[in-house]
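Protein chains in written order, with our numbering: chain A, 92 to 436; chain B, 92 to 436; chain C, 92 to 436; chain D, 92 to 436.
Protein chains: 4
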Amino acid sequence: MLKVAVVGATGYTGVELIRLLLRHPQVKITTLSSRQYAGEEIAHVFPSLANQIDTVCEELDLDALTQDADVVFTAVPHKTAMDVVPDLLKRGVRVIDLSADFRLHDVGVYEQWYQAHSCPELIRDAVYGLPELYREQIKGANLVANPGCYPTGIAVALAPLLQRNLIDPETLILDSKSGATGAGRSAKTATLFCEINEGFKAYAVGSHRHTPEIEQVLGQVSNSGIKVNFTPHLLPINRGILSTCYASVAEHVTSAQITEAFQDNYSDEPFVRLSPEGQLPNTAYIQGSNFVDLGWIVDPRTGRVIVISAIDNLVKGAAGQAIQNMNIMYGLDEVSGLDVVPLFP
Amino acid sequence: MLKVAVVGATGYTGVELIRLLLRHPQVKITTLSSRQYAGEEIAHVFPSLANQIDTVCEELDLDALTQDADVVFTAVPHKTAMDVVPDLLKRGVRVIDLSADFRLHDVGVYEQWYQAHSCPELIRDAVYGLPELYREQIKGANLVANPGCYPTGIAVALAPLLQRNLIDPETLILDSKSGATGAGRSAKTATLFCEINEGFKAYAVGSHRHTPEIEQVLGQVSNSGIKVNFTPHLLPINRGILSTCYASVAEHVTSAQITEAFQDNYSDEPFVRLSPEGQLPNTAYIQGSNFVDLGWIVDPRTGRVIVISAIDNLVKGAAGQAIQNMNIMYGLDEVSGLDVVPLFP
Amino acid sequence: MLKVAVVGATGYTGVELIRLLLRHPQVKITTLSSRQYAGEEIAHVFPSLANQIDTVCEELDLDALTQDADVVFTAVPHKTAMDVVPDLLKRGVRVIDLSADFRLHDVGVYEQWYQAHSCPELIRDAVYGLPELYREQIKGANLVANPGCYPTGIAVALAPLLQRNLIDPETLILDSKSGATGAGRSAKTATLFCEINEGFKAYAVGSHRHTPEIEQVLGQVSNSGIKVNFTPHLLPINRGILSTCYASVAEHVTSAQITEAFQDNYSDEPFVRLSPEGQLPNTAYIQGSNFVDLGWIVDPRTGRVIVISAIDNLVKGAAGQAIQNMNIMYGLDEVSGLDVVPLFP
Amino acid sequence: MLKVAVVGATGYTGVELIRLLLRHPQVKITTLSSRQYAGEEIAHVFPSLANQIDTVCEELDLDALTQDADVVFTAVPHKTAMDVVPDLLKRGVRVIDLSADFRLHDVGVYEQWYQAHSCPELIRDAVYGLPELYREQIKGANLVANPGCYPTGIAVALAPLLQRNLIDPETLILDSKSGATGAGRSAKTATLFCEINEGFKAYAVGSHRHTPEIEQVLGQVSNSGIKVNFTPHLLPINRGILSTCYASVAEHVTSAQITEAFQDNYSDEPFVRLSPEGQLPNTAYIQGSNFVDLGWIVDPRTGRVIVISAIDNLVKGAAGQAIQNMNIMYGLDEVSGLDVVPLFP
């Protein structure tokens, strides 16, 4: 059994990690750390976990935690993560970090969008944990930077087309809509029920911190510098991100080539589902699962393709993908613990 | 024009008062006080008010505020209210207090359910502002204690039957369900979108502070000491309270007598609507309005009557009823500023 | 492997049966019948099932279906069920019927609340499939009448107290609130999104067809004729029923005795969770799972106990309980296929 | 008093017309027609209207209806409208048609996207009822084609920039999200509560019938043939459309010019609100009102501008704009009956 610890267990990503890890046949949860709820049973913080786990949350004690763990998930905010991850690695555990701190390869870009980085040397060692693109590198990684929720859905949607130069990388417009778990579990007026319910808005337009991450991963697959318009919106639902991605189709590219690209890349991927013709993804159909649902339409009137992806932001956009990465790192069946039929309705 | 000030303008009750007062033909809003947003335009705090009002929120300055006001709505939490209301009254304005501080006639009961009372002498002067029961007293009041949201819907539902001894006062079970605006606008984890959405729970069972208020008003109309079971629940909607009230029908009382009681009390009431036979209230049908919708079923199998009332907790349960009280206090048309068709859907 | 067929696979109960059966280690789904979607892939009707199952829905063909099935779930409306179940049983399969047709032991009561019954002789053979009360009888049953969603939550809530005469059976008031999947998947104006969203109402007050079922099961455990007030309400959420049950505590009964009763009955039950003191059930905490969460408060002021139960109406209230019954009938581990951690949020 | 009839009174647009017309000081509702609910009181169909109106719905009787009406709102589906509108006009009333039948100036385009047109000669007489662009023409119109909900929000968002050639008309990408009232009130499985709630999807991608209408109005203001990508999505809320519009900024155009364009066009418009810097529109802030809220961001990294508009699809996107048109046609104050403070939350 793999011994697993979670640092930052009481956010929405934390509880989702626990939900999934509890049914992972090769995993044993050893430690749950939480600053805010130290001393409290996790099942008291989240009564959904009652009768499932009797672990008590603890203050972070690096030595104790690492002595009883093979792999650690860090589910804490950026900046907090970079203070913890080096100390974890030094103690010989492998780390899957769900923050943004090790995702950007260029520390300069990181510092421009976030703040100063305290351990830039670690960035080189980190592997960007998007299995559909970097499965081989993930296998040997000691530090996996688990991708952001928005970049995950967008990269899976566009990589096949960019890799084959089927679309013009200068024309990318990425209009994303996320459920409210994406906004986290800390108490703020802006995320109260009555502020979000029955409303819909864009936020951080032109300035969201996932922008450089999206540009990095899309730039890499297309082998070009890419600038995108990325516009996140807040949906009055709990889970799910739908990204509507627009790009101009390259000259002489046919609709069949686009379909072929998706099929070539993804027909063997365990967690990518291609919508049959006439259907498009809906966040309602991937709830609780690690799937990316993909659909696309080529519009001959404008010469653009619209690619739409749906993920559960807490699963493929966070906890599920982190476990997928763990499975790859440890040579386990990639779907182990993630073989979930989505909940509908 | 009546000059009106609002103390505590930036909670959900505050913004609702402003929404309604802005269309009240005999009212001019003179001052909006808010500790948290002092110095900010109210329309910046609530962009729904953009282009409607350019007032800037202020720290509470009693002298300035009262010099430019005839009547003051205090929409602050209990305990805060009792610190402010005496000073307002001393300065010669009339006060409609939306907190719980002046609703309970018995200071002992107040102190048992809340905390020590700093101005018990004022309790005597306060009139409980439920127009359907106390219209005459409200006319001359200098201090109106605006009823709680739950007690409003329940008292209107049961008063006609208790007044006529048609039901047994010892058998009252009041099962209420409230939208989330009732939980206020301060930032708490428990009222985040994702904690309330797609969930439903009871809270404060057997201990909610509206219990003694309900017992007081029902006791008064029935001329007896009444103990009730009152169970509030939290609905994942913005507005609305539905109360399902159970009582044993007194011996030999017919269904027709019950119907008659409601018709006698309410056929001339401007804000009470009796559901036609075969229909029952739904919170969706009173949104944004000052209506109480009432329906009832006598169950011959059990000898109980079930009376159901629906109100918009922010209107008839708070701001709307406060304005109705103001209209009565100043001899204005009682529906002035409140003549709103509910928004559906 | 147990061969399982589902008759009526394309309602909300049908898709939930499929979701759970697909992860049941001892089950193989052989046939899915659906009048409306015959000829269509089930994964096309419910894209949540994409890549999980490639079964095509069929018109009901009793011979073909039973030749390839050991057990059949009938998830069709009452009246339709009684036309199908006898023919299934004749062909030698065991049947778990999710309709109301075989739940009421007294055909007279059935015909009073529903309509004429076409095979009253079968009623005798049917076992009411509430494992917490009738586990032994279920083992040998050929026909299990799967309980209604409301009766399930209410019976589990009250049985321990009624069995021990801790409450007065004449005082039961059952105020239930259900998510909208309970209203089914057929197209009606009343269940459109905009008719339910942001609203809340009671329905079928005093006349809901689950009333006699509740009275039957509670009457049986208390060994007395029971008449209840049962008031269902419609919640603007997908899944979940919360029932708030009121009863007068019998004389000299203590709060400790009540707690003990729950613990005695349920500490070994795999799907009943007793809320720790200070917590109460919330439908948000049982989503997708077969749990019944129970909490209670004794109110010394009124001498009543309030017992609150939360279930997922599609799981413990329908598909999950049906599978639990199947597990019992076939001597499988009772939690097989049902060992799900609830999804939160 | 203007005598007003509504044909098709029992859809969501119909009930919204009634809600607003009931508080219009210069209007008297004379007839409400409804095929489905003929003979029923409108307040029985929509209990929100109880105590507000006692009109009974009637089968459409053209002679009776026009004898008692100056102006008729036709709130029926396209194709039905074109069968009714000519007969209304012949009888001497003015018509505001809320369907799509008279919006497209080119009958060939209409027939390509809809179906054959039965009275193409009337198209010439129809005025496209978007007051912000065509106020003068509306004044004298006998037939106003009330704009579609999506085109309204998009045209108001982009007209100022296209009129001044500040953006490249070949680069328009319009990503819109609509509340579920936009899907209408007829009973369909796809619009049931549980199919929409907690989900989000795009629909009719590349093929939505509002596309040619958007291209017509934007083409007209920019004096060029325009092809757009328009992608509608379905939001799990009742009311509101948010459109996120992308365009490449023309060379040498500054951010200040863009701001100026919006201010020049809209500072005197009664129903357009420009978001202050740092704020962006939210559908929650315009509920129940006729406002268009506009915000924009110029992204210097990509050279694109993102313009975001929010409207209530039932008000500015349908009933409210229809009444605004009526006010203009009859020389009334343009905000008469529409002077509503949005409901928040």
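Note that beta-carbon positions come from the ideal geometry of N, C-alpha and C, so glycine has one too.
Nearest-angstrom Cα separation, counted from residue j out to residue i
| i | j | result |
| --- | --- | --- |
| alanine 96(D) | leucine 325(B) | 41 Å |
| glutamate 360(D) | glutamate 223(D) | 7 Å |
| glutamate 202(C) | glutamate 212(C) | 14 Å |
| leucine 61(C) | arginine 395(C) | One cannot answer for residue 61(C) here, as it falls past the ends of chain C, which runs 92 to 436. |
| aspartate 178(D) | serine 125(D) | 17 Å |
| isoleucine 229(D) | glycine 411(D) | 15 Å |
| asparagine 288(C) | lysine 279(C) | 15 Å |
| glutamine 117(C) | leucine 429(C) | 12 Å |
| glycine 183(A) | threonine 121(A) | 16 Å |
| leucine 140(C) | alanine 375(C) | 23 Å |
| leucine 333(C) | leucine 123(C) | 31 Å |
| tyrosine 357(D) | valine 247(D) | 9 Å |
| serine 339(C) | isoleucine 144(A) | 35 Å |
Buried or exposed (CB count within 10 angstroms, at least 16 for buried), residue i
| i | result |
| --- | --- |
| threonine 335(D) | buried |
| arginine 194(D) | buried |
| methionine 92(A) | exposed |
| proline 238(B) | buried |
| histidine 343(B) | exposed |
| glutamate 306(B) | buried |
Chain B contact residues for residue i, given Cβ-Cβ distances below 7 Å
| i | result |
| --- | --- |
| valine 296(C) | Leu371, Ile388 and Ile397 |
Residue from the options whose Cα sits closest to the Cα of residue i
| i | options | result |
| --- | --- | --- |
| glycine 379(C) | Phe291(C), Leu108(C) and Asn288(C) | Leu108(C) |
| alanine 281(B) | Glu304(A), Asp188(A), Val431(A) and Phe137(A) | Phe137(A) |
| threonine 243(A) | Ala100(A), Ser427(A), Val389(A) and Val383(A) | Val383(A) |
| glutamate 425(D) | Ser190(D), Thr122(D), His115(D) and Asp197(D) | His115(D) |
| glutamate 351(D) | Cys240(D), Gly386(D) and Phe362(D) | Gly386(D) |
| leucine 371(B) | Val218(D), Ala129(D), Val118(D) and His135(D) | His135(D) |
| asparagine 404(A) | Thr345(A), Phe291(A), Ala248(A) and Tyr241(A) | Tyr241(A) |
| valine 186(D) | Glu150(D), His299(D) and Asn418(D) | Asn418(D) |
| aspartate 266(D) | Ile258(D), Lys292(D) and Ala274(D) | Lys292(D) |
| glycine 422(B) | Glu227(B), Ala191(B), Leu221(B) and Leu234(B) | Glu227(B) |
| serine 313(A) | Ile214(A), Thr322(A), Tyr294(A) and Leu249(A) | Leu249(A) |
| isoleucine 328(C) | Val247(C), Lys407(C), Ile399(C) and Cys285(C) | Cys285(C) |
| tyrosine 205(A) | Val162(A), Val319(A), His301(A) and Leu283(A) | His301(A) |
8 Å Cβ cut-off: residues of chain A touching residue i
| i | result |
| --- | --- |
| leucine 333(D) | Phe291, Lys292, Ala293 and His324 |
| tyrosine 201(C) | Residues of chain A passing the Cβ test: none, with the nearest at roughly 30 Å. |
Listed by chain order, chain D residues near residue i by CB distance under 8 Å
| i | result |
| --- | --- |
| tyrosine 103(C) | Cys285 |
Contacts that residue i makes with chain A (C-beta to C-beta distance below 9 Å)
| i | result |
| --- | --- |
| asparagine 453(B) | Residue 453(B) falls outside the range modelled here, since chain B spans only 92 to 436, and no answer is possible. |
Residue i - partner residues in DSSP beta bridges
| i | result |
| --- | --- |
| tryptophan 387(B) | Val398(B) |
| glutamate 132(A) | Val147(A) |
| valine 97(D) | Leu123(D) and Phe164(D) |
| proline 323(D) | Ser267(D) |
| leucine 333(B) | Lys268(B) and Ala401(B) |
| leucine 365(C) | Leu385(C) |
Chain-ordered neighbours of residue i on chain C, where CB pairs are closer than 7 Å
| i | result |
| --- | --- |
| alanine 141(A) | Arg364 |
| isoleucine 264(B) | Ile264 and Tyr337 |
Proximal residues of chain C, C-beta to C-beta of residue i below 9 Å
| i | result |
| --- | --- |
| alanine 172(D) | Residues of chain C passing the Cβ test: none, with the nearest at roughly 22 Å. |
Chain-ordered neighbours of residue i on chain B, where CB pairs are closer than 8 Å
| i | result |
| --- | --- |
| threonine 487(A) | There is no way to answer for residue 487(A), as the model of chain A reaches only from 92 to 436. |
Proximal chain D residues relative to residue i, where beta-carbon distance stays under 9 Å
| i | result |
| --- | --- |
| alanine 341(A) | Result: empty, since nearest Cβ-Cβ is about 17 Å, beyond 9 Å. |
Contact set between residue i and chain C, taken where Cβ atoms lie within less than 8 Å
| i | result |
| --- | --- |
| lysine 318(B) | Arg392 and Thr393 |
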